[in-house]
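4 protein chains.
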Amino acid sequence: MNSLTIRIAYADTDQMGVVYYGNYFTFFERGRTEWLREIGLEYTKIEERGFYFPVIYAECKYIASAKYDDLITVETKLTGITAASITCSYKVKCADKILVSATTKHPFVNKDLKPVRFPKDIRELLEKHLEKEE
Amino acid sequence: MNSLTIRIAYADTDQMGVVYYGNYFTFFERGRTEWLREIGLEYTKIEERGFYFPVIYAECKYIASAKYDDLITVETKLTGITAASITCSYKVKCADKILVSATTKHPFVNKDLKPVRFPKDIRELLEKHLEKEE
Amino acid sequence: MNSLTIRIAYADTDQMGVVYYGNYFTFFERGRTEWLREIGLEYTKIEERGFYFPVIYAECKYIASAKYDDLITVETKLTGITAASITCSYKVKCADKILVSATTKHPFVNKDLKPVRFPKDIRELLEKHLEKEE
Amino acid sequence: MNSLTIRIAYADTDQMGVVYYGNYFTFFERGRTEWLREIGLEYTKIEERGFYFPVIYAECKYIASAKYDDLITVETKLTGITAASITCSYKVKCADKILVSATTKHPFVNKDLKPVRFPKDIRELLEKHLEKEE
Chain S
1 MNSLTIRIAY
11 ADTDQMGVVY
21 YGNYFTFFER
31 GRTEWLREIG
41 LEYTKIEERG
51 FYFPVIYAEC
61 KYIASAKYDD
71 LITVETKLTG
81 ITAASITCSY
91 KVKCADKILV
101 SATTKHPFVN
111 KDLKPVRFPK
121 DIRELLEKHL
131 EKEE
Chain F
135 MNSLTIRIAY
145 ADTDQMGVVY
155 YGNYFTFFER
165 GRTEWLREIG
175 LEYTKIEERG
185 FYFPVIYAEC
195 KYIASAKYDD
205 LITVETKLTG
215 ITAASITCSY
225 KVKCADKILV
235 SATTKHPFVN
245 KDLKPVRFPK
255 DIRELLEKHL
265 EKEE
Chain B
269 MNSLTIRIAY
279 ADTDQMGVVY
289 YGNYFTFFER
299 GRTEWLREIG
309 LEYTKIEERG
319 FYFPVIYAEC
329 KYIASAKYDD
339 LITVETKLTG
349 ITAASITCSY
359 KVKCADKILV
369 SATTKHPFVN
379 KDLKPVRFPK
389 DIRELLEKHL
399 EKEE
Chain W
403 MNSLTIRIAY
413 ADTDQMGVVY
423 YGNYFTFFER
433 GRTEWLREIG
443 LEYTKIEERG
453 FYFPVIYAEC
463 KYIASAKYDD
473 LITVETKLTG
483 ITAASITCSY
493 KVKCADKILV
503 SATTKHPFVN
513 KDLKPVRFPK
523 DIRELLEKHL
533 EKEE
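Residue numbers (our numbering), protein chains in the order written: chain S, 1 to 134; chain F, 135 to 268; chain B, 269 to 402; chain W, 403 to 536.
Okay, here's the thing in structure tokens:
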């Protein structure tokens, strides 16, 4: 699991005084990128090898609101692997309170956006970091 | 069902050359607002009466990509009502091809963000516009 | 001059209840794109010929605030041409009140992002639509 | 001068493969907030006292492009004070190369958005941190 801290800016909020619901998906992307970096699989390196992780599914439960200047934590982990896709799970917390819980699914594709099986090294690395969904 | 046309801007895209996955949620909000206006329930009027429709759940399936300058259509309809919440469903299309299919769920809350039952007029109006999920 | 109408969404606002200052630059981009289309110089066609109009300078005066659900108008016109760049000017209005006044400057570049002189047809078309700064 | 490090996400980029020009204004806001915190004038505390720093002017020179996964630095300093406004200056750098240079101007206003003179403590604190524009 990777834990990334993000400071909420005015730019992230809307007129209800809380983070706009669509902006959490940017936080998930940031968490996912740092999780990949942490396990030694930098996304820029994946792209250099000609592969991509687009998003085919995203689901988000909004439990409580993040507010301006809050210091939130995005916890990202890998909770599913198939031969050609991964599922990531996220918890956004503020001072140990869960604000948001989410899942995204990513096929592994080549430059033509065709799904491809993971190369052996990437598959082994991912499997080593598979965690249980709570 | 409301049908809203949106032109994709550079601002909506990312370096993969397609619309960033998180930006669709803004399109859903725009669709939802226009659907409410179309059935005679402008969101600004709802807020003036002291009520809000925050988001507690969002789910999105990404089927194909919208690209820069595409003229997309966001089709929004009401596919669920309870005593104190609604579920909206969305199809994003480009030239009749479905790009994205999504659902959002919204409790009806008062100024203190407490869930409240719909006033009779709002409930009746919503029920009149309930449609089947395809 | 092109006149583009935009409906302000929750996504555009911040917790002060007005449009976030950085979001106007997206509105200017939308205006610029529609102005180019209107004069017969679609940006996608420019890119197909291997040219781009990146931004090297932007300036914005904020006079009054756009609010949620406002129907704003972005007026875009060409107010400057050199051998290899253009300057666009914008007025954002709501019900004839000027909210924002801005300028952006764009070099004409090739695929290597090197500034290049305008091809004759593009230069002539641009010159025909040069307008005075108010 | 405050120095804030930001990692560029996919969300920040556009289809040209660089940071979208409008997104830098969010980076400036983040830099400004951290500069205020650093000098002991947290923006949330200013708001609690009933004051705000809206933006009335922004200017930005784009020199080179930030790219996905770049670790950029936003350097923020105060370069101007009047009786009721401040001017902030920004340099965005990547590995000591200047990418962007910008200025924003902020009136000091009360809850009715009327410009007001700085309270003595805030004025003294700001004056102590005034720096020269390079």
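Think of the CB as a built atom: it goes at the ideal place given N, C-alpha and C, for glycine as much as any other residue.
This structure is a prediction, so every number in the text was calculated from the model and none was measured.
Measure the alpha-carbon distance for B:Phe321 versus F:Lys231 and round it to whole angstroms.
Here residue 321 of chain B is taken as the residue at index 53 of the third sequence, counted from 1. Here residue 231 of chain F is taken as the residue at index 97 of the second sequence, counted from 1. Rounded to the nearest angstrom, the two C-alpha atoms are 30 Å apart.
B:His300 and B:Thr344: beta carbons closer than 7 Å?
Against the third sequence, residue 300 of chain B aligns to sequence position 32. Against the third sequence, residue 344 of chain B aligns to sequence position 76. As written in the sequence, residue 300 of chain B is Arg, which differs from the His given in the question. Yes. Within cutoff.
Quick check on S:Asn23: buried or exposed, where buried means 16 or more other Cβ atoms within 10 Å of its Cβ?
The count along the first sequence starts at 1 and reaches residue 23 of chain S at position 23. Answer is buried; the Cβ neighbour count reaches 16.
Using alpha carbons as the reference points, say which of B:Ile276, B:Tyr288, B:Arg275 and B:Ala277 lies closest to S:Asp12.
Along the first sequence, one-based indexing puts residue 12 of chain S at 12. S:Asp12 has its Cα closest to that of B:Tyr288, out of B:Ile276, B:Tyr288, B:Arg275 and B:Ala277.
Take B:Glu401 and list the residues in its own chain whose beta-carbon comes closer than 7 Å to its own, dropping the five residues that flank it on each side.
The residue given as residue 401 of chain B occupies position 133 in the third sequence. For B:Glu401, where only same-chain residues beyond five positions count, the Cβ hits under 7 Å are Thr347 and Ser357.
Which same chain residues end up closer than 6 Å to B:Leu394 when comparing Cβ atoms and leaving out the 5 residues on each side of it in sequence?
Numbered from its first residue, the third sequence carries residue 394 of chain B at position 126. For B:Leu394, where only same-chain residues beyond five positions count, the Cβ hits under 6 Å are Ile349.
Identify whether B:Leu290 lies in helix, strand or coil by the three-state DSSP scheme.
The residue labelled residue 290 of chain B in the question sits at position 22 within the third sequence. Looking at the sequence provided, one finds Gly at residue 290 of chain B rather than Leu. It is helical.
To which residues of the same chain is W:Arg409 closer than 6 Å at the C-beta, ignoring the five residues directly before and after it?
Numbered from 1 along the fourth sequence, position 7 holds the residue referred to as residue 409 of chain W. These residues qualify, in order along the chain: Leu473.
W:Thr428: which of B:Asp282, B:Lys335, B:Phe296 and B:Glu297 sits nearest, CA to CA?
Mapped onto the fourth sequence, residue 428 of chain W falls at position 26. Per the Cα distances, B:Asp282.
Quick check on the burial criterion: 16 or more other C-beta atoms within 10 angstroms. Buried or exposed for F:Leu170?
As a first step, residue 170 of chain F must be located in the second sequence, where it is residue number 36. Per the 10 Å Cβ criterion, buried.
At which residues does the beta strand (DSSP E) containing F:Ile140 begin and terminate?
Residue numbering aside, residue 140 of chain F sits at position 6 when the second sequence is read from its first letter. From DSSP, the beta strand (DSSP E) with F:Ile140 extends over Asn136 to Arg141.
What beta strand (DSSP E) runs, 3 residues minimum, are completely inside the stretch 354-382 of chain B?
As far as the stretch 354-382 of chain B is concerned, its whole beta strand (DSSP E) runs of at least 3 residues are 365-375.
For the candidate residues F:Ile256, F:Phe162 and F:Glu258, whose alpha-carbon lies nearest to that of F:Ser137?
Taking the first residue of the second sequence as position 1, residue 137 of chain F is located at position 3. Of the listed residues, the one whose Cα sits closest to F:Ser137 is F:Phe162.
Anything in chain W within Cβ reach of F:Ala198, meaning under 9 Å, just list it in chain order.
For this step, residue 198 of chain F is matched to residue 64 along the second sequence. In chain order: nothing, as chain W lies at least about 16 Å away.
Please name the residue in F:Thr238, F:Asp255, F:Leu233 and F:Thr178 whose C-alpha comes closest to that of F:Tyr191.
Position 57 of the second sequence, counting from 1, holds the residue named residue 191 of chain F. Closest by alpha carbon: F:Thr238.
Out of B:Gly285, B:Arg391 and B:Val342, point me to the one whose CA is closest to B:Ser333's CA.
Here residue 333 of chain B refers to the residue found at position 65 of the third sequence. For B:Ser333, the nearest C-alpha among the options comes from B:Gly285.
Counting only beta-carbon separations shorter than 7 Å, does S:Gly22 have a partner in chain F?
Numbered from 1 along the first sequence, position 22 holds the residue referred to as residue 22 of chain S. Chain F contact via Cβ: present.
May I ask you to report which of helix, strand or coil DSSP gives W:Tyr470?
Stepping through the fourth sequence from its first residue, residue 470 of chain W is reached at position 68. Coil.
With a threshold of 8 Å on Cβ separation, who are the neighbours of W:Ala486 within its own chain once the five nearest residues in sequence on each side are excluded?
Numbered from 1 along the fourth sequence, position 84 holds the residue referred to as residue 486 of chain W. Pro509, Phe510, Pro517, Val518, Arg519 and Phe520.
Taking a Cβ distance cut-off of 9 Å, strictly less, list which residues of the stretch 445-474 of chain W are near chain B, in chain order.
From the stretch 445-474 of chain W, only Tyr454, Pro456, Val457, Ile458, Tyr459, Ala460, Glu461, Cys462, Lys463, Tyr464, Ile465 and Ser467 have a Cβ closer than 9 Å to chain B.
In three-state terms, what does DSSP make of B:Gly285?
Counting from one through the third sequence, the residue named residue 285 of chain B turns up at place 17. The answer is coil: DSSP assigns B:Gly285 none of H, G, I, E or B.
Would you decide whether S:Ile86 is buried or exposed? Buried here means 16 or more other CB atoms lie within 10 Å of its CB.
As a first step, residue 86 of chain S is located in the first sequence; it is residue number 86 there, counting from the start. It is buried - the Cβ of S:Ile86 has at least 16 other Cβ atoms within 10 Å.
Against F:Tyr224, what residues of chain B qualify as contacts under a CB-to-CB distance less than 8 Å, listed in chain order?
In the second sequence, counting from the first residue as 1, residue 224 of chain F sits at position 90. Going along chain B, no residue has its Cβ under 8 Å from F:Tyr224, so there is no contact; the nearest lies around 15 Å.
Is it the case that the Cβ atoms of B:Ile314 and B:Leu367 are separated by a distance below 7 Å?
Numbered from 1 along the third sequence, position 46 holds the residue referred to as residue 314 of chain B. Numbered from 1 along the third sequence, position 99 holds the residue referred to as residue 367 of chain B. Not a contact, by the Cβ cut-off of 7 Å.
Do B:Thr341 and F:Asp203 have their beta-carbon atoms positioned less than 7 Å apart in this structure?
In the second sequence, residue 203 of chain F corresponds to position 69, counting from 1. In the third sequence, residue 341 of chain B corresponds to position 73, counting from 1. No, the pair does not count as a contact, with Cβ atoms beyond the cut-off.
Name the two residues that bound the continuous beta strand (DSSP E) containing B:Tyr330.
By one-based count along the third sequence, residue 330 of chain B stands at place 62. It spans Tyr325 to Tyr330 - the beta strand (DSSP E) in which B:Tyr330 sits, taken as one unbroken run.
For F:Lys227, which residues of its own chain have a beta-carbon under 6 Å away from its beta-carbon, when the five flanking residues on both sides are left out?
On the second sequence, position 93 is the one that residue 227 of chain F refers to. Correct list, in chain order: Thr207.
For the alpha helix (DSSP H) that contains F:Asp255, what are its first and last residues?
Counting from one through the second sequence, the residue named residue 255 of chain F turns up at place 121. Per DSSP, F:Asp255 belongs to the alpha helix (DSSP H) from Lys254 to Lys262.
Closer than 8 Å by C-beta to W:Gly452: which residues in its own chain qualify, once you throw out the five before and the five after it? Chain order, please.
Taking the fourth sequence and counting its residues from 1, one reaches residue 452 of chain W at position 50. Asn512 and Lys513.
Mind pulling the chain B residues with CB within less than 7 Å of S:Thr13?
Walking along the first sequence from the start, residue 13 of chain S turns up at place 13. The answer, in chain order, is Asp282 and Gln283.
Between the C-alpha atoms of W:Asp523 and W:Ile441, what's the straight-line distance to the nearest angstrom?
Translated into positions along the fourth sequence, residue 523 of chain W becomes position 121. Translated into positions along the fourth sequence, residue 441 of chain W becomes position 39. Their Cα atoms are separated by approximately 12 Å.
Identify the contact partners of S:Asn9 in chain W, using a Cβ-Cβ distance below 8 Å as the criterion.
Reading the first sequence from its first residue, position 9 is the one you call residue 9 of chain S. Reading off the sequence shown, one finds Ala at residue 9 of chain S, where the question assumed Asn. Result: Thr428, Glu431, Arg432 and Thr435.
If you draw a straight line from the C-alpha of W:Tyr412 to the C-alpha of F:Ala143, how long is it?
Working through the fourth sequence from its first residue, we reach residue 412 of chain W at position 10. Working through the second sequence from its first residue, we reach residue 143 of chain F at position 9. Looking at the two C-alpha atoms, the distance is approximately 16 Å.
For F:Glu193 and S:Glu59, which I take to be in contact (beta-carbon distance under 8 Å), what is that distance rounded to the nearest angstrom?
Walking along the second sequence from the start, residue 193 of chain F turns up at place 59. Walking along the first sequence from the start, residue 59 of chain S turns up at place 59. Between S:Glu59 and F:Glu193 the Cβ distance is about 5 Å, and since that is below 8 Å, they are a contact.
Give me whichever residues DSSP pairs with F:Tyr186 in a beta bridge.
Within the second sequence, the letter at position 52 stands for residue 186 of chain F. F:Tyr186 is bridged to F:Val243.
Is it buried or exposed for F:Lys225, if we count other Cβ within 10 angstroms and need 16 for buried?
For this step, residue 225 of chain F is matched to residue 91 along the second sequence. It counts as buried.
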